[in-house]
Amino acid sequence: MEQADVTIIGAGVIGLSVASCVANGSRNVALIERHASFGQETSSRNSEVIHASIYYPQNSLKGRCCLEGNELMYELCGNHGIPHRRTGKLIVAVNEEEEARLPQLLETARGNGAKGVRIINAEEVKSHEPNVTARAAILCPTSGIVDSHNLMRYYERSALEKGASIVYHTEVQAVEKTSGAYLLRVTDTAGREYDVRTRVLINCAGLESGNVSAMLGIDIDAAGYRINYCKGMYFRVSGSISRFPAMLIYPVPPWPGFVGIHTTPDLGGGMRLGPYDVWVDQMDYTVDESLREFFYRSTVSFLPFLKKEHINPDIAGVHPKVQKEGEPIKDFIIRHEADRGLENFINLVGIESPGLTSSPAIGRYVAAMVDELS
Ligand SMILES: Cc1cc2nc3c(=O)[nH]c(=O)nc-3n(C[C@H](O)[C@H](O)[C@H](O)COP(=O)(O)OP(=O)(O)OC[C@H]3O[C@@H](n4cnc5c(N)ncnc54)[C@H](O)[C@@H]3O)c2cc1C
7 MEQADVTIIG AGVIGLSVAS CVANGSRNVA LIERHASFGQ ETSSRNSEVI HASIYYPQNS
67 LKGRCCLEGN ELMYELCGNH GIPHRRTGKL IVAVNEEEEA RLPQLLETAR GNGAKGVRII
127 NAEEVKSHEP NVTARAAILC PTSGIVDSHN LMRYYERSAL EKGASIVYHT EVQAVEKTSG
187 AYLLRVTDTA GREYDVRTRV LINCAGLESG NVSAMLGIDI DAAGYRINYC KGMYFRVSGS
247 ISRFPAMLIY PVPPWPGFVG IHTTPDLGGG MRLGPYDVWV DQMDYTVDES LREFFYRSTV
307 SFLPFLKKEH INPDIAGVHP KVQKEGEPIK DFIIRHEADR GLENFINLVG IESPGLTSSP
367 AIGRYVAAMV DELS
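Count the sequence shown with this note's numbering and you get residues 7 to 380, in order.
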């Protein structure tokens with residue numbers, strides 16, 4: 007049997023950040039991941055945007071983690087050579103009706119703590135992005151993009167340097183609460199089955215976070231922890247590379263709960279459109295080619311250089327949502343489950359967007375919770 011003071015399940019961007027913040031040289035920290043390497047699921051299937059907290063209420067955990075994460079992310083990337091770019095973002099209005107909605111959007115963004123946001127006119131839009139057409143826009147200077155793979159590699163290295171052990175190819179199958187500890191039944195890809203005994207357990211299992219909660223005997227429907235899958239699909243744009251905007255270009259949200267099909271530049275000079283989200287019953291990463299027309303129509307009004315034949319299906323990622331289709335957006339769940347009789351179990355459920363941006367803040371937040379347990 008293996009022993010640990012703190013065991014973290016899941017080496018996505020959240021588990022890795024938590025491991026690098028919780029490890030301090032004196033604790034015995036173990037991070038268990040079922041795949042051969044880190045970030046094989048949602049953490050490598052997203053827009054890689056450093057969000058500015060335009061849409062997340064400041065008093066929500068999402069809003070707080072996003073705002074703090076935004077600042078910490080630039081600091082971290084700058085200090086450790088992680089490729090990133092503070093691109094800034096434009097939310098563009100292409101007609102009179104959309105332009106009339108900008109002041110309200112600006113108020114929401116300011117109320118949510120987004121820094122330096124302001125409305126700019128068509129001329130200023132052109133001065134930032136000559137190939138984008140808009141009557142006016144909201145300029146958001148603190149948005150950016152980050153190389154998520156290198157971010158995760160940094161967290162992994164940092165955790166290892168502080169003495170954490172990371173165990174790949176190993177899946178947690180069951181968890182049993184014993185007196186003063188948790189007993190994890192794990193299997194590895196060689197077919198070995200063994201137990202890990204840990205005093206503190208942290209669930210960072212992403213799309214499986216509901217199932218891991220269930221392993222601890224939590225009624226996930228009553229608790230609101232059941233994970234629902236919502237697939238976000240991207241199309242990649244080829245050709246016209248010299249015309250790609252350097253900034254993130256978002257439309258005025260076309261309907262409540264949807265920020266609209268937007269551009270996501272990558273650090274290599276390429277550009278994707280999306281994501282467009284659909285609810286799915288099962289894990290599925292296919293991208294529906296018949297959406298080409300919809301992606302084109304949704305973006306050509308502000309990206310007039312686009313040609314339909316230059317838009318091709320790219321990747322998809324799945325959001326781990328605790329709300330069901332049609333329900334209002336819910337907050338991140340990060341809690342010590344002592345009131346359910348699960349002392350020393352810290353549970354992270356439904357860490358959807360802006361999870362990547364929030365990762366440095368979530369790492370600190372969880373480390374402070376662990377310190378309180380010690
Ligand atoms: C389409 C899309 C776009 C997004 N865009 C952005 C964006 O631009 N900016 C932003 O800030 N956020 C964005 N997000 C959100 C962000 O990607 C996620 O919040 C973040 O990646 C979640 O990380 P995680 O570590 O919680 O989950 P994951 O990356 O899914 O990691 C969980 C890990 O747990 C492991 N695991 C699960 N069960 C077990 C088990 N039983 N035993 C061992 N290991 C296990 C899995 O294998 C996995 O590696 C986006 C998400 C999606 C889907």
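Glycine included, every Cβ here is placed at the ideal spot set by N, Cα and C.
The residue among Tyr282, Val202 and Glu105 with its C-alpha nearest the C-alpha of Met7 is Val202. When DSSP states are grouped into helix, strand and coil, Arg278 belongs to the strand group. Boundaries of the alpha helix (DSSP H) around Ser365: Gly361 to Leu379.
The DSSP assignment places complete beta strand (DSSP E) segments of no fewer than 3 residues inside the stretch 36-102 at 95-99, in order along the chain.
Of the candidates Gly280, Ser219, His325 and Thr292, the residue whose Cα lies closest to the Cα of Arg303 is Gly280. With contacts defined as CB atoms closer than 8 angstroms, Gly150 and Arg91 qualify as a contacting pair.
Here the alpha carbons of Tyr61 and Pro310 stand approximately 27 angstroms from one another. Distance from the C-beta of Cys146 to the nearest heavy atom of ligand 1 is not below 7 angstroms.
Closest in alpha carbon position to Glu47, among Ile125, Pro259, Lys237 and His134, is Lys237.
Counting along the chain, Lys314 sits inside no alpha helix (DSSP H), nor does DSSP assign it H or E at all. Secondary structure at Gln288: coil, using DSSP grouped into helix, strand and coil.
In the DSSP secondary-structure assignment, Arg242 is bridged to Arg278 and Asn318. Pro334 places its beta carbon 8 angstroms or farther from that of Gly356. Linking Ile88 to Asp272 through their CA atoms gives a straight-line distance of about 14 angstroms. Residue environment: Pro109 is assigned as exposed (fewer than 16 neighbouring CB atoms within 10 Å of its CB, all protein chains considered).
Of the residues assessed, Phe241 falls on the buried side of the cut-off, its CB having 16 or more other CB atoms within 10 angstroms. In the three-state reduction of the DSSP assignment, His342 falls in the strand class. Put simply, the stretch 69-86 does not touch the stretch 133-146. Fewer than three CB pairs are less than 8 angstroms apart. Only exposed fits Met289, as fewer than 16 other CB atoms lie within 10 angstroms of its CB.
Partner residues in the beta bridge of Leu189, as assigned by DSSP, are Glu182 and Arg203.
With respect to the C-alpha of Asn217, the residue from Thr363, Ala180, Met253 and Thr193 having the closest C-alpha is Ala180. Across the set Thr204, Arg205, Thr270 and Gly332, the C-alpha of Gly332 shows the shortest separation from the C-alpha of Pro262.
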